[in-house]
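S.K.:
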Amino acid sequence: MTDRDFGAAPPARAAAAGDAAWPVDAAPAAWPPPPSGPPPVPDPPPGPGVQPPFVAAPIEGRRARTWLGLGLAGAVLAVCCGVGVVAVGGLLVLGEQAINEQAQRAVADYLAAVAEEDWEQAYDQRCEQDRRAESLPAFTSRASAEPAIESYQVGDLQIEPGNGGLEPGGGEMTVPVFVTYAGGASARLIFPVDQSSRTGRFEVCGTVQPG
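Position one of the sequence shown corresponds to residue 1 (my numbering), numbered consecutively onward.
#1: With respect to the alpha helix (DSSP H) encompassing P137, which residues constitute its N-terminal and C-terminal limits?
#2: Note the first and the last residue of the continuous beta strand (DSSP E) segment covering A187.
#3: On a CA-only basis, which of S197, A182, P176 is nearest F191? Give me that one, please.
#4: Which residues in the same chain have their Cβ closer than 6 angstroms to the Cβ of Q121, if we skip the five residues on either side of it in sequence?
#5: The alpha helix (DSSP H) that contains Q125, what's its start and end?
#6: At the level of alpha carbons, what is the spacing between Q97 and R201?
#7: Could you compute how far the alpha carbon of Q158 sits from the alpha carbon of P137?
#8: Check whether the Cβ of G206 lies closer than 7 angstroms to any Cβ atom in chain D.
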């Protein structure tokens, strides 16, 4: 073996068939550049769905509340109607009492003037129809000839409805009076009254009859 033999490179092996060829000068693959900025936030996990802000009321409960509300409204209406009927009835009673008091006052004022022999005042308490039919002197002459009145007690208004009801001239209205005279005698008299269509006040109107 010579010195040339030791320094020389071994002979290259011939590539066998089927051996893979390895590139000698191939550069390694490049890595992708790192992302810039903060790392991305991961998506939230899927939930059960959108929840309503409150639990819906059951249908049957809502219907029950509806019928309950209607029942309460009906009860309130019935009470209001009942109160209205009572109020109307009360107004009718008050109206009858007011009419009765006005008629009694008209007769009492007339008798007070007669008892005091204030003939002009008594004459003014008569209705316009009576004043047209009888003058003040004639009335004074007739009334002064009657027995003097000592006391009297006025009764309640009596109404006999006519075609016009309680309107002036619509029916006969009378007030009974128990009169005691100065001599001790007494009598029950019926004073007819009417309501003036001009002033609305009650007045003695007509001929006084024994009752």
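For each residue, glycine too, the CB sits at the ideal point set by N, CA and C.
M.R.: Let me spell this out:
#1: 136 to 144
#2: 186 to 195
#3: P176
#4: A113
#5: Premise fails: Q125 is in no alpha helix (DSSP H) and is neither H nor E.
#6: 15 angstroms
#7: 31 angstroms
#8: This model lacks chain D altogether, as it is built from one protein chain only.
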